[in-house]
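Taking it in order: structure first as structure tokens, then the write-up.
Numbering (our numbering), first residue to last: 4 to 139.
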């Protein structure tokens with residue numbers, strides 16, 4: 004059986020945010036086993052899995068991405084929406100918009116140190132929508 008529905012993330016400041024709990028609270032009842040696919044419906048933000056124990060991982064990732072794709076580059080032509088917009092699109096393409104997680108015993112089956120991360124690349128991104136597809 005396949006179920007599909009939308010959930011949303013509350014607005015977040017620019018940065019990398021652990022959102023495992025926020026997402027889990029909005030999921031419909033999970034099957035005993037299956038897959039869940041989370042697809043972010045935006046082009047200047049990302050979803051990913053990473054270490055959830057040490058907050059320095061988030062900080063290091065954020066600073067590394069900022070250094071790789073700085074704002075206000077002369078070669079950027081897409082600048083109408085602000086200096087943070089084009090770098091946001093590039094970072095989003097690098098990290099990705101979707102993750103798939105196994106479901107085991109009605110829970111998301113992630114490693115001990117894994118968490119779901121939301122990467123907000125805009126200064127004022129607003130709430131963000133995620134399309135959830137559950138397979139059982």
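Using N, Cα and C, we set each Cβ at its ideal position, and we do this for glycine too. No experiment lies behind these values; they were computed from the predicted model shown.
Inset, instruction - Check each candidate in 137, 127, 139, 37 and name the one with the smallest Cα separation from residue 13. - result: Residue 127 is the option with its Cα nearest to residue 13.
Inset, instruction - Taking only the alpha-carbon atoms, compute the straight-line gap between residue 86 and residue 51 and give it to the nearest angstrom. - result: Residue 86 and residue 51 have their C-alpha atoms some 24 angstroms from each other.
Inset, instruction - Leaving aside the five residues before and after residue 43 along the sequence, list all residues of the same chain whose C-beta is less than 6 angstroms from its C-beta, in chain order. - result: Same-chain partners within the cutoff: 50, 100, 133.
Inset, instruction - To the nearest angstrom, report how far apart residue 135 and residue 71 are at their CA atoms. - result: Taking the straight line from one Cα to the other gives about 30 angstroms.
Inset, instruction - Return the CA-CA distance between residue 31 and residue 121, expressed in angstroms with no decimal places. - result: C-alpha separation (whole angstroms): 20 angstroms.
Legend entry - Nonlocal neighbours in the same chain, by C-beta distance under 6 angstroms from residue 125, ignoring five residues either side: If we look at residue 125 and ignore the five residues flanking it on each side, its Cβ neighbours are 47, 87, 91.
Inset, instruction - Please list the segments of the beta strand (DSSP E) lying wholly inside the region 86-134, counting only runs of 3 or more residues, in order along the chain. - result: Taking only runs of at least 3 residues, the beta strand (DSSP E) segments lying wholly in the region 86-134 are 101-107, 117-123.
Inset, instruction - Flag this pair as touching only if the region 62-81 and the region 102-109 have three or more C-beta atom pairs under 8 angstroms; answer yes or no. - result: Too few Cβ pairs lie closer than 8 angstroms, so no.
Inset, instruction - Report the partner residues of residue 76 according to the DSSP bridge assignment. - result: Under DSSP, residue 76 forms no beta bridge with any residue.
Inset, instruction - Could you please give the first and the last residue of the uninterrupted beta strand (DSSP E) stretch that includes residue 68? - result: In the DSSP assignment, residue 68 falls outside any beta strand (DSSP E) and within the unbroken alpha helix (DSSP H) covering 58-71.
Legend entry - Span separating the alpha-carbon of residue 69 from that of residue 26: A straight line joining the alpha-carbon of residue 69 with that of residue 26 spans about 26 angstroms.
Inset, instruction - Flag this pair as yes or no: are the beta carbons of residue 118 and residue 21 separated by less than 7 angstroms? - result: A contact, by the Cβ cut-off of 7 angstroms.
Inset, instruction - Answer yes or no: do residue 123 and residue 17 have a C-beta to C-beta separation smaller than 7 angstroms? - result: Yes. Within cutoff.
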